[in-house]
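Visitor: One structure coming up, written as structure tokens, with questions to follow.
Residue numbers (UniProt numbering): 1 to 330.
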């Protein structure tokens, strides 16, 4: 607790930031350490028998209402939150000291049921103006939408808003592009990355499947793969080179794509007058999406391989049937 500006009950001098202060464990009265040592007792010892607690003499009179939804600090006369519009007429006005004491009490209890946002207000906007306009949306709205890893994305988004498209490195997007996009709820790009990845790797997958499951492949398809191994290997090398190039593009421009996606999503939400809570729920990350895109990707990959085998068998059968028909009716 901050005792600067209060009086020591022994010497009656005002506490300063340089003073060594001790507090009575029973009633909470602050003393200069030297004064407490000289008296060898609390100056308000009479409080101990009655259970009375020391009270501030210089409590600040500035009071305010804190919105329970977005944690915005409103004046005590406000009936609705200035930021999100939530009704706050029933919220009791509190002072800075009330907030400080409440925070100290909650720090003592690790398992406090209260929301930790009441205790700590993190440096959420990295020193930027939370009301700064970023192409039709506020910086605080962008921060709420980003959710996880704001410290990484917010400076990049601000620079992109000011300077336009800028390459920036994103290792996760390079290694696992479809997972990155799905985790950030960018389903269009996630599915596109998954489909392109399957196509680029299909020749190599066909060769691998032919070697591992040679006994299960129909005869005509097996002969086709065996006769065209060199072609498939060359196509696999080309596919690998294109895949690496596509991953490099994802590495350098996925942050820009995420910025564009965030701006479009926020503008749509604002048209619907979405509250900050809705913005947070619509953005951020969703790890479960990564599982879904993996299932989709491997399902499509198996389907593509099966389609090649079945399609070639059907083509061979139709070709043989056509040849047989010509021989019969010649």
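In this text, a Cβ means the ideal position worked out from N, Cα and C, and glycines have one as well. Treat the numbers as computed from the prediction; the structure is a model and nothing was measured.
1. Taking the beta carbon of residue 30 as the centre, do at least 16 other beta carbons fall within 10 Å, making it buried, or is it exposed?
2. What are the boundary residues of the alpha helix (DSSP H) that residue 30 is part of?
3. Kindly indicate which residue of 9, 28, 24, 33 has the alpha-carbon position closest to the one of residue 331.
4. Report back the beta-carbon spacing between residue 65 and residue 91 to the nearest angstrom; my notes put them in contact at under 8 Å.
5. Drop a sphere of 10 angstroms on the beta-carbon of residue 11, count the other beta-carbons inside from all chains shown, and report buried for 16 or more, exposed for fewer.
6. Which runs of the beta strand (DSSP E) fall wholly inside the region 151–218 and span at least 3 residues, in chain order?
7. Assuming the contact rule is C-beta atoms closer than 8 Å, residue 267 and residue 137 should be a hit. Round their C-beta distance to whole Å, please.
8. Do the CB positions of residue 336 and residue 251 come within less than 7 Å of each other?
9. Inspect the beta-carbon positions of residue 201 and residue 239 and report whether they are closer than 7 Å.
10. Assign residue 157 to buried or exposed, taking buried as 16 or more other Cβ atoms, counted over all protein chains shown, within 10 Å of its Cβ.
11. Are residue 148 and residue 293 touching if we call contact CB-CB under 7 Å?
12. Is residue 39 helix, strand or coil when you go by DSSP?
13. The alpha helix (DSSP H) that contains residue 146, what's its start and end?
14. Between which two residues does the beta strand (DSSP E) carrying residue 21 extend?
15. Output yes or no for whether 7 Å exceeds the beta carbon distance between residue 145 and residue 283.
16. Residues in its own chain within less than 7 Å of residue 184 by CB, not counting five upstream and five downstream?
17. Could you tell me whether the Cβ of residue 13 comes closer than 7 Å to any Cβ of chain B?
18. To the nearest angstrom, report how far apart residue 48 and residue 86 are at their CA atoms.
19. Using the Cβ count rule (16 or more neighbours within 10 Å means buried), how would you classify residue 61?
20. What first and last residue would you give for the alpha helix (DSSP H) that runs through residue 281?
21. If you compare alpha carbons, which of 196, 76, 141 is closest to residue 296?
22. When DSSP builds the beta bridges, which residues end up paired with residue 7?
23. In whole angstroms, give me the CA-to-CA distance for residue 263 and residue 235.
24. Note the first and the last residue of the continuous alpha helix (DSSP H) segment covering residue 331.
25. With a Cβ-Cβ cutoff of 7 Å, do residue 209 and residue 291 count as a contact?
26. I need the DSSP call for residue 26, collapsed to helix, strand or coil.
27. Consult DSSP for residue 87 and reduce its assignment to one of helix, strand or coil.
28. Would you report the Cα separation of residue 134 and residue 176, rounded to the nearest angstrom?
Guide: In short:
1. Around the C-beta of residue 30, 16 or more other C-beta atoms lie within 10 Å, and the residue is accordingly described as buried.
2. First-last for residue 30: 30–32, but that is the beta strand (DSSP E), not the alpha helix (DSSP H).
3. This structure leaves residue 331 out entirely; the chain is present only between 1 and 330.
4. The Cβ separation is near 5 Å, so the contact holds.
5. Residue 11 is exposed by the Cβ-count criterion.
6. As far as the region 151–218 is concerned, it has no whole beta strand (DSSP E) run of at least 3 residues.
7. That belief holds up - the Cβ atoms of residue 267 and residue 137 are roughly 7 Å apart, short of 8 Å.
8. Because the chain is modelled from 1 through 330, residue 336 falls outside the range shown and cannot be assessed.
9. The beta carbons of residue 201 and residue 239 sit closer together than 7 Å.
10. Buried is the call here.
11. Taking 7 Å as the Cβ cut-off, residue 148 and residue 293 do not qualify as a contacting pair.
12. Helix at residue 39.
13. Counting along the chain, the alpha helix (DSSP H) containing residue 146 begins and ends at 139–146.
14. Per DSSP, residue 21 belongs to the beta strand (DSSP E) from 21–23.
15. Going by C-beta atoms, residue 145 is nearer than 7 Å to residue 283.
16. Counting only Cβ-Cβ distances below 7 Å, and skipping sequence neighbours, we find 258, 285.
17. Checking the listed chains, one finds no chain B in this structure; it contains a single protein chain.
18. One alpha carbon belongs to residue 48, the other to residue 86, and they sit about 44 Å apart.
19. Residue confidence for residue 61 is low, a pLDDT of 47 falling below 50, so the modelled location carries little weight and cannot support an answer.
20. 276–282 is the span of the alpha helix (DSSP H), which, as asked, contains residue 281.
21. Ranking the options by Cα distance to residue 296, first place goes to 196.
22. Partner(s): 14.
23. Taking C-alpha positions only, residue 263 is separated from residue 235 by approximately 39 Å.
24. The chain is shown from 1 up to 330; residue 331 falls before or after that span and cannot be answered.
25. No, the pair does not count as a contact, with Cβ atoms beyond the cut-off.
26. Note: residue 26 maps to coil in three-state DSSP.
27. Strand at residue 87.
28. Approximately 29 Å, taken between the alpha carbons.
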